[in-house]
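Protein chains in written order, with our numbering: chain E, 5 to 360; chain W, 106 to 501; chain Y, -7 to 318.
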Amino acid sequence: MTAARRDVAIVAFAQTDHARRTDDLSEVEMLMPVLHDVLRQAGLRASDIGFTCSGSSDYLAGRAFSFTMALDGVGAWPPITESHVETDGAWALYEAWVKLLTGEADTALVYAYGKSSPGSVRDVLTRQLDPYYVAPLWPDSVALAALQARALIDAGDTDERALAAVAARSRRDAAANPHAQLPGARPQGDHVVAPLRTGDCPPVGDGAAAVILAAGDRARALCPRPAWITGMDHRVEAHSLGVRDLTDSPSTRLAARRAGAFDPDAARPVDTAELHAPFTSQEVVLRKALRLGADVRVNPSGGALAANPVMAAGLIRLGEAAARIHRGASDRALAHATSGPCLQQNLVAVLEGDHR
Amino acid sequence: MSAASTAGTAKEPVAVVGIGQTKHVAARRDVSIAGLVREAARRALDDAESTWADIDAVVIGKAPDFFEGVMMPELYLADALGAVGKPMLRVHTAGSVGGSTALVAANLVAARVHRTVLTLAFEKQSESNAMWGLSLPVPFQQPLLAGAGGFFAPHVRAYMRRTGAPDTIGSLVAYKDRRNALKNPYAHLHEHDITLEKVQSSPMLWDPIRYSETCPSSDGACAMVLTDRAGAARSPRPPAWMLGGAMRSEPTLFAGKDFVSPRAGRDCAADVYRQAGITDPRRQIDAVEMYVPFSWYEPMWLENLGFAEEGEGWKLTEAGVTEIDGDLPVNPSGGVLSTNPIGASGMIRFAEAALQVRGQAGEHQIEGARTALGHAYGGGAQFFSMWLVGDRPPTA
Amino acid sequence: MTAAPETLRAPFVVEFPFTRSLGPVQSAFLTGLRERVLLGVRTETGRVLVPPVEYDPETAAELRDLVELAPTGTVTTWAWNPEPRRGQPLTTPFAWVLVRPDGADTALLHALDAPGPESVRTGMRVRIRWAAERQGAITDIACFEPYGNADAGEEGGAAAGTGARPHDGVFDQPVTGIVTPARLDYTYTPGRAQTAWLHDLAERRTVGERCPSCAKVYVPPRGACPTCGVATTERVEVGPRGTVTTFCIVNIKAKNLDIEVPYVYAHIALDGAGLALHGRIGGIPYDQVRMGLRVEPVWTEGGRYPDHYRPSGEPDADYGTYKELL
């Protein structure tokens, strides 16, 4: 494409303190304080927002049209321009980014939420699988990730010690994240599905997150150092695990390339990556696909291993990466989100701060 | 809203160059879910004389995942839709989703993120049972109703009270739409022996809504190929051009909500008309495909969409204005009353509007249609999506 | 806000036997399993995919060219499952495996029955253990089991594509659909506002919440004022009487709903509420219910909600008094 794109940035980010259970809160009661927080950070009122987009899942909630009740927290009156994706909120952010690129809106509110506590998320996620050949076997999400981990170990890409180190580093880093569900390193525990141990798996919990996007001068007015989205792309792979090379993530690599992550002319190197790797082994795959060297700070927030509110965890990666740019801890960051079994679908955004 | 904040150029015009849908039926027993969506996608590609390789991205929509019992089925459908290695986005905005999905796809072209996008919506309701999917029992809530008819019937009564409409209006709509469906080979219900008397003597399910005034439950899919100016220039058949498109949402239930004529619907229509330069919709729009799952919603939406003054919508219906040979034909395809794969129903409205301005609607073609409105709504009459298409590109 | 009452919770089961129609490739594959025949499908480039999919993951081409393979293969990756979960193929600890059948280019996901993780290796040879009773489903493969003694080595088993024989996919009485029951168990908790509302209902009091911004009273309260997007806090008792704003007469009996038809389903604006709630009208012939009817709740022993509302005996409300609540 030749036409100059609008500059769009993440200007604010908020999230809940993620927790194993939130029995005393409905979804909207959990979400609403986050919406208020993100608007306050940007100094906006709900009525200032040009476009609203959210991500959530009926299957997680166990109710059809569950997102309609969450809309109560937005204050959609007078009526708003609004949309919803039935997947991680990172894709809601993508839809909002496109909306801003059209010029039809200058600001967007993006939110996502997920309560895993009401159900058994390992079993719920089996309903994502091929309904004819795979779902009737109920292979749970840890089992599928363990098949991927074994393939990585067989290929010589990692071993259980290296995976444990990923777990420890993530939770150590999470000690500095006041929102994390698992702050601080802890024992790896027993095999859940070998070779993955408790420590290799994400915590199950509830949470919500929201970001505000703004275009051009509006972004500069709302945020001292906007996190400019210099590129964003997402790609999907074949569904069946048996036709994929589980040790690689070509869709992540392609999305990153299209987002400009490998741009050899980039003035500044990528210094930070927030990767949506719910399992330690998936960080190994993503580091390889994204060609991240030892000089890149990976998941300083602790990543999904420290808090994994399903349907929000990908959006949180974008928010965390942006927040580091906002506070000057990063100049160029990659943010990644995933969806589907064993990294079937992946989104990559490149975020940059203005030169200081 | 101004686009003045950057050097961004005007939006890329969006053209519909391919349309495909399945023959909608109660149960497609010969195909998988993938086979169903594939059929619509393949027909849209064939219409555009395109191949999978011409498609840059796929945007897919459907209503609740519980209907088929597959969580985020787009993951499994990626292979069937040629999406492997491409971006694939899933939209869910309740009953309006078919329309919203098309608008999300259109934005990808308008923003020049992609040049050619396949958009598709489907529902295979025979995999479960819509009544079950819509009425999962939530603990602590008093079960009072099952299904959508009872939810909407009180609002129909409110409309009748407010406007003094005679109680036969709903049957006129149903009789018209079912006859129109006979001209549409893809429609689900083909009631060859339909008469007005049959509609009026059909059982009263949720008084004031009769059986024949309700939509069926269908298996079906609809797909469109959307592209930019360069793509449209290569189109083998006349494209339909998007002249305006908008979504609006309001809360499900709130103090002061007007269920008869929700403000979100009025605002959405006004936005579309503004974009398209429509100042007198009744005169300037040649055909309307509106989302009418219960017959009385035709007069209600006629008012909500600005085709009639408040309280006057039923008079258009009664006078035959919305008949296929009237001066404002509504649902020449037979509409949702004749075909309702829920998640696809909104996209079918959008696609049928595009067929009209392309002159491709076959037996239900409105002669000389140059502008047509596609309309969808969902949830508790709270989510709206609409587009206006024409036979000429937008003037910059 | 008053002290939070005890959190309510209740089990919530989402269960349905989904009926899935099959495309021709799926039909042949699953019917084949019933007949102890393993089928794959050959792509335009000659790759053999097992299980056979309808569309080529690489090219999106429609696939129809079926081949038959031996029921033996090689494990390409595995994971030891010490605690089988509901619905999984085996009830004793087992290995999840991806198995590349001999002659195939891709792998099939299933279970491997093995005594322990030390007896499972990538590259090991396995064969299908057929279920005793087969109906045309992926579970007709009960699981895989170890086969022979030797590892397959690098290129063990039949080389890809070579062990596959063409098959016309035709069987007597083909399976054209499957039923896939699915049950998920949830625990429902209604949240702060609804919990408070339910506790008051238990004392037969209807207590809504007022929005601090627009002052409307929400009944039932949902935790947020949907137009202002702020938490509702001030608790306000409403009713018990109210006005029927609109209604319908339900004439069809819904499954799982223990209400005799016909009955009147009404929107009822309780006195003091900012919007109508929903209830059933009784104590009056269904065809005499009208908009504006004044009603009061009727409780039954042990009922969480009023069983229904009945005429209060007051004169009907003027349309003008409730038309904003319609």
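We put the CB at the ideal spot given by N, CA and C, even for glycine.
C-beta atoms of E/Asp11 and E/Gly220 nearer than 8 Å: The count along the first sequence starts at 1 and reaches residue 11 of chain E at position 7. The count along the first sequence starts at 1 and reaches residue 220 of chain E at position 216. Here E/Asp11 is near E/Gly220, since their CB atoms are less than 8 Å apart.
CA-to-CA distance, Y/Thr235 to Y/Gly312, given in whole angstroms: Here residue 312 of chain Y refers to the residue found at position 320 of the third sequence. Here residue 235 of chain Y refers to the residue found at position 243 of the third sequence. Each residue's Cα considered, the two are about 12 Å apart.
Beta strand (DSSP E) segment containing E/Ser87, residue limits: Translated into positions along the first sequence, residue 87 of chain E becomes position 83. Its beta strand (DSSP E) spans residues Glu86 to Val89.
Within chain C, partners of W/Ser137 - CB distance below 8 Å: The chain labelled as chain C is not found among the protein chains of the depicted structure, namely E, W and Y.
Below-8 Å beta-carbon distance, E/Glu324 vs any chain Y residue: In the first sequence, residue 324 of chain E corresponds to position 320, counting from 1. In terms of beta-carbon proximity, E/Glu324 stays away from the interface with chain Y, with every pair separated by 8 Å or more.
Proximal residues of chain E, C-beta to C-beta of Y/Gly169 below 9 Å: For the purposes of this step, residue 169 of chain Y is taken as residue 177 along the third sequence, with counting starting at 1. In chain order: nothing, as chain E lies at least about 10 Å away.
Proximal residues to W/Trp311 (C-beta, below 6 Å), its chain only, five neighbours per side dropped: What you label residue 311 of chain W is simply residue 206 of the second sequence in a count that begins at 1. Closer than 6 Å at Cβ, skipping near neighbours: Gly254, Gly255 and Ala258.
Beta carbon proximity, E/Tyr63 to chain W, threshold 8 Å: Counted from its first residue, the first sequence places residue 63 of chain E at position 59. Contacts with chain W at 8 Å (Cβ-Cβ) include E/Tyr63.
Amino acids of chain Y, ordered along the chain, whose beta-carbon sits closer than 8 Å to that of E/Trp81: Here the question's residue 81 of chain E lines up with position 77 in the first sequence. Near E/Trp81 (Cβ distances below 8 Å), the residues of chain Y are Pro218, Thr219 and Cys220.
Own chain partners of W/Thr221 with C-beta closer than 8 Å, once the 5 adjacent residues on each side are dropped: To locate residue 221 of chain W, count along the second sequence from 1; it is residue 116. Excluding five sequence positions before and after W/Thr221, the CB atoms of its chain that fall closer than 8 Å to its own CB belong to Ser155, Asp159, Ile160, Asp161, Val214, Val330, Leu331, Thr332, Asp333 and Gly336, given in chain order.
Distance CB(Y/Arg272)-CB(Y/Tyr255) smaller than 8 Å: Numbered from 1 along the third sequence, position 280 holds the residue referred to as residue 272 of chain Y. Numbered from 1 along the third sequence, position 263 holds the residue referred to as residue 255 of chain Y. Yes, they are a contact pair.
Cβ-based neighbour list, W/Trp460, same chain, cut-off 7 Å, excluding 5 preceding and 5 following: Residue numbering aside, residue 460 of chain W sits at position 355 when the second sequence is read from its first letter. A small fix is needed here, since residue 460 of chain W is Leu in this sequence, not Trp. Correct list, in chain order: Ile124 and Ala466.
Contiguous alpha helix (DSSP H) assignments of at least 4 residues, all confined to the region 305 to 338 of chain W: Runs found: 334 to 338.
W/Phe399: contacting residues in chain E (beta-carbon distance under 7 Å): In the second sequence, residue 399 of chain W corresponds to position 294, counting from 1. Around W/Phe399, no beta-carbon contact reaches into chain E at under 7 Å, the shortest distance being about 18 Å.
Every unbroken beta strand (DSSP E) inside the region 17 to 64 of chain E [3 residues or more]: Listed in chain order, they are 55 to 59.
Contact check, W/Ser322 vs W/Ala131, beta carbons under 8 Å: For the purposes of this step, residue 322 of chain W is identified with residue 217 of the second sequence, where counting begins at 1. For the purposes of this step, residue 131 of chain W is identified with residue 26 of the second sequence, where counting begins at 1. A contact, by the Cβ cut-off of 8 Å.
Pair within 8 Å by beta-carbon distance, Y/Arg1 and Y/Thr64: Locating residue 1 of chain Y in the third sequence gives position 9, counting from the first residue. Locating residue 64 of chain Y in the third sequence gives position 72, counting from the first residue. Cβ atoms of Y/Arg1 and Y/Thr64: not closer than 8 Å.
Enclosing beta strand (DSSP E) for W/Ala162 [first to last residue]: By one-based count along the second sequence, residue 162 of chain W stands at place 57. Ala162 to Gly166 is the span of the beta strand (DSSP E), which, as asked, contains W/Ala162.
Proximal chain Y residues relative to W/Asp312, where beta-carbon distance stays under 7 Å: Residue 312 of chain W sits at position 207 when you count from the first residue of the second sequence. Chain Y residues near W/Asp312: Cys240, Ile241 and Asn243.
Within-8 Å CB hit, Y/Leu176 to chain E: Stepping through the third sequence from its first residue, residue 176 of chain Y is reached at position 184. Cβ-Cβ to chain E under 8 Å: yes for Y/Leu176.
Backbone secondary structure at W/Ile447 - three-state DSSP: Translated into positions along the second sequence, residue 447 of chain W becomes position 342. Of the three classes helix, strand and coil, the one that applies to W/Ile447 here is helix, per DSSP.
DSSP three-state assignment for Y/Gln280, whether helix, strand or coil: In the third sequence, the residue the question calls residue 280 of chain Y occupies position 288. DSSP places Y/Gln280 in the helix class (H, G or I) of the three-state scheme.
Cα-Cα separation, W/Val202 to Y/Glu137: In the second sequence, the residue the question calls residue 202 of chain W occupies position 97. In the third sequence, the residue the question calls residue 137 of chain Y occupies position 145. When rounded, the separation of the alpha-carbon atoms in W/Val202 and Y/Glu137 is 46 Å.
Selection of the region 220 to 241 of chain E by Cβ proximity to chain W, strictly under 8 Å: Listed by position, the residues of the region 220 to 241 of chain E near chain W (Cβ gap below 8 Å) are Gly220, Asp221, Arg222, Asp237, His238, Arg239, Val240 and Glu241.
Distance between W/Ile299 and E/Val352 (C-alpha atoms, nearest Å): Stepping through the first sequence from its first residue, residue 352 of chain E is reached at position 348. Stepping through the second sequence from its first residue, residue 299 of chain W is reached at position 194. Taking the straight line from one Cα to the other gives about 55 Å.
Bridge partners - E/Tyr367, DSSP secondary structure assignment: Here chain E covers residues 5 to 360 and nothing more, so residue 367 of chain E does not appear.
Whole-angstrom distance between W/Thr476 and W/Pro498, CA atom to CA atom: Reading the second sequence from its first residue, position 393 is the one you call residue 498 of chain W. Reading the second sequence from its first residue, position 371 is the one you call residue 476 of chain W. Their Cα atoms are separated by approximately 11 Å.
Alpha-carbon to alpha-carbon, W/Lys191 and Y/Leu58: Start at 1 with the first residue of the third sequence, and residue 58 of chain Y comes out as number 66. Start at 1 with the first residue of the second sequence, and residue 191 of chain W comes out as number 86. Here the alpha carbons of W/Lys191 and Y/Leu58 stand approximately 28 Å from one another.
Buried/exposed call for W/Gly275, threshold 16 Cβ in 10 Å: Walking along the second sequence from the start, residue 275 of chain W turns up at place 170. Result: buried.
Assigned exposure category for E/Arg165 - 16 Cβ within 10 Å defines buried: What you label residue 165 of chain E is simply residue 161 of the first sequence in a count that begins at 1. Result: exposed.
Distance between W/Ala168 and W/Gly448 (C-alpha atoms, nearest Å): Sequence index remark: in the second sequence, residue 448 of chain W carries index 343 (1-based). Sequence index remark: in the second sequence, residue 168 of chain W carries index 63 (1-based). One C-alpha to the other measures close to 4 Å.
Whole-angstrom C-beta distance between Y/Thr168 and Y/Ser19, which should lie under 8 Å: Residue mapping note: residue 19 of chain Y aligns to position 27 of the third sequence, counting from 1. Residue mapping note: residue 168 of chain Y aligns to position 176 of the third sequence, counting from 1. Contact holds; Cβ gap of about 6 Å.
Interfacial residues, the region 266 to 281 of chain Y to chain E, with Cβ spacing under 9 Å: Identification of residues in the region 266 to 281 of chain Y having a C-beta nearer than 9 Å to some C-beta of chain E yields an empty set.
Closer than 7 Å: E/Ser334 CB and nearest the ligand NAD heavy atom: The ligand NAD is absent from the structure shown, which contains no ligand whatsoever.
Y/Asn243, DSSP secondary structure in three states: Walking along the third sequence from the start, residue 243 of chain Y turns up at place 251. The DSSP-derived three-state label of Y/Asn243 is coil.
Whole-angstrom distance between W/Thr422 and W/Leu277, CA atom to CA atom: Within the second sequence, numbered from 1, the residue matching residue 277 of chain W stands at position 172. Within the second sequence, numbered from 1, the residue matching residue 422 of chain W stands at position 317. A direct Cα-to-Cα measurement between W/Leu277 and W/Thr422 gives close to 7 Å.
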